[in-house]
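Everything below concerns the one structure shown next.
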Amino acid sequence: MAALPYMQLYIADYLADTMHLSTEEHGAYLLLMFNYWQTGRAIPKSRLAKIARLDNERWISVEESLSEFFIDNGEEWIHERIEQDLASVHAKLEQRSAAGKASVAKRKANKTMKVARESNVCSTLVESSLERNANGNSTNKDKNKNKDLKEL
């Protein structure tokens, strides 16, 4: 999956939930959340320390604090809030994609109808051999028009 362009981070909510974390724990938690958002999937437990950029000793000291924000299914950590946000963003993307496709289809249908209307119109103008004015009388008053000039 391509990375999504942004992640909503509600600062007040984040701080309310994480005020008890140390600076190191904040950094590790943010890196885990960013990776989760970027990849769009749960984080394998074997990659947690590496993603948090901590050696094993440091990871062991922060793991318990960070585990309260995730659901541990035995193989990976799942972040419920990010899962909800991802589902919401994907639903919006699908809705916009469907609207775009519908717009293209409508434009194509309108173009087809325009071509059909234009094809019903006479494509060449047939000029009448005799010009007439508004009352239907000939505007050509010269009766000798078709005679050779030498005969006159």
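Residue numbers (full-length UniProt numbering): 1 to 152.
All C-beta atoms, glycine included, are put in the ideal place defined by N, C-alpha and C.
Given that a residue counts as buried once 16 or more other Cβ atoms are within 10 Å of its Cβ, and exposed if not, what is residue i?
{"i": "Ala52", "result": "buried"}
{"i": "residue 219", "result": "For the chain, the structure presents residues 1 to 152; residue 219 sits outside this window and is missing."}
{"i": "Leu93", "result": "exposed"}
{"i": "Leu9", "result": "exposed"}
{"i": "Glu25", "result": "buried"}
Compare the beta carbon distance of residue i and residue j with 7 Å and say whether it is the shorter of the two.
{"i": "Leu86", "j": "Tyr29", "result": "no"}
{"i": "Ile82", "j": "Ala42", "result": "no"}
{"i": "Leu4", "j": "Val62", "result": "no"}
{"i": "Lys50", "j": "Glu76", "result": "no"}
With a cut-off of 8 Å on the beta carbons, I'd call residue i and residue j a contact; round off their distance for me.
{"i": "Leu48", "j": "Trp59", "result": "7 Å"}
Does DSSP put residue i in a helix, in a strand, or in coil?
{"i": "Asp85", "result": "helix"}
{"i": "Asp72", "result": "strand"}
Inset, instruction - Decide yes or no for the touch test of the region 15–28 against the region 54–70: beta carbon pairs closer than 8 Å, at least 3 of them. - result: Result yes; three or more Cβ-Cβ pairs closer than 8 Å.
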